[in-house]
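Participant:
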Amino acid sequence: MKVYTKGGDKGSTSLIGGERVSKCDVRVEAYGTVDELTAFTALLADKLAGCDALAGSVAELRRIESQLMTVQALLAVGDGGEGKVAPLPAEAAQYLEQAIDAMQEHLPAITKFTIPGGDERISMCHVCRTVCRRAERAALRAAAQHKVDADVLIYLNRLSDYFYVLGRAVTVAVGAEEILWIP
Numbered sequence: 736m737k738v739y740t741k742g743g744d745k746g747s748t749s750l751i752g753g754e755r756v757s758k759c760d761v762r763v764e765a766y767g768t769v770d771e772l773t774a775f776t777a778l779l780a781d782k783l784a785g786c787d788a789l790a791g792s793v794a795e796l797r798r799i800e801s802q803l804m805t806v807q808a809l810l811a812v813g814d815g816g817e818g819k820v821a822p823l824p825a826e827a828a829q830y831l832e833q834a835i836d837a838m839q840e841h842l843p844a845i846t847k848f849t850i851p852g853g854d855e856r857i858s859m860c861h862v863c864r865t866v867c868r869r870a871e872r873a874a875l876r877a878a879a880q881h882k883v884d885a886d887v888l889i890y891l892n893r894l895s896d897y898f899y900v901l902g903r904a905v906t907v908a909v910g911a912e913e914i915l916w917i918p
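Numbering-wise (our numbering), the sequence shown opens with residue 736 and increments by one.
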């Protein structure tokens with residue numbers, strides 16, 4: 736199979752089901768932003784892979800990458816594509832909540848916002864968090880015009896929380912100092 740089809744040379748693309756839409760369509764923007772998040776998640780997992788204390792987080796991130804591929808596919812469903820993509824498991828958001836709770840058990844309480852930084856791996860967690868927030872906003876814009884599974888929206892919302900807490904956990908694991916925002 737060739738990578739290029741030339742079908743998009745004039746600014747359109749096909750959704751799952753065959754519907755042709757502009758590459759500026761809100762659904763294309765949404766699944767494209769989730770694609771970007773998937774790539775950043777992979778980069779984060781690669782950067783954390785060398786730290787034994789974060790082996791569990793790397794495994795979680797690999798699972799998240801797979802779930803993000805499902806999210807992309809669900810956002811790419813157009814007319815005639817209903818039922819062609821397996822839904823995101825309802826427990827996907829619950830899994831993130833459990834991971835967040837488990838990490839928070841080992842973190843000091845804070846009452847201020849944290850500022851990204853202190854180590855490249857911490858900063859990558861915050862890049863993933865902010866791209867996830869952008870993906871969530873894009874998915875919400877798509878949901879305002881098209882059918883988007885509510886579990887997708889819940890998952891993206893919870894995932895940005897996961898990346899925030901992961902950034903704090905990485906701070907502890909690598910022995911960095913947490914930078915608090917003090918206005």
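Yeah, the Cβ is synthetic: ideal placement off N, Cα and C, and Gly gets one too.
#1: Quick one: give me the first and last residue of the beta strand (DSSP E) that V756 is part of.
#2: For my contact list, R762 and A808 are in at a C-beta cut-off of 8 Å; report their separation, rounded to the angstrom.
#3: Along the alpha helix (DSSP H) that carries T740, what are the first and last residues, could you check?
#4: Starting from T748, follow the alpha helix (DSSP H) in both directions and report where the run begins and ends.
#5: Give me, in chain order, the residues of the same chain whose beta-carbon lies closer than 6 Å to that of R903; leave out the 5 immediate sequence neighbours on both sides.
#6: Just mark S757 as buried or exposed, buried being the case when its beta carbon has 16 or more other beta carbons within 10 Å.
#7: Kindly indicate which three-state DSSP category E900 falls into: helix, strand or coil?
#8: Going along the chain, which residues of its own chain have a beta-carbon closer than 6 Å to the beta-carbon of M838, five neighbours each way excluded?
#9: Among residues of its own chain, excluding the 5 on either side of I914, which ones have a beta-carbon nearer than 7 Å to its beta-carbon?
#10: Just grab the DSSP bridge partners of V812 for me.
Facilitator: Let me spell this out:
#1: Annotation: the continuous beta strand (DSSP E) that includes V756 extends over R755 to S757.
#2: Not really, about 11 Å apart at Cβ, beyond 8 Å.
#3: From DSSP, T740 is part of no alpha helix (DSSP H); its letter is neither H nor E.
#4: Under the DSSP assignment, T748 falls outside any alpha helix (DSSP H), being part of the beta strand (DSSP E) whose first and last residues are S747 to S749.
#5: So the qualifying residues of the chain are L842.
#6: The residue is exposed, with fewer than 16 neighbouring Cβ atoms inside 10 Å.
#7: The sequence shown places Val at residue 900, rather than the Glu named in the question. If DSSP states are grouped into helix, strand and coil, V900 belongs with the helices.
#8: Closer than 6 Å at Cβ, skipping near neighbours: V900 and A904.
#9: Excluding sequence neighbours, I914 sits near T849, I850, G852 and G853.
#10: Within the DSSP bridge table, the entry for V812 names I751 as partners.
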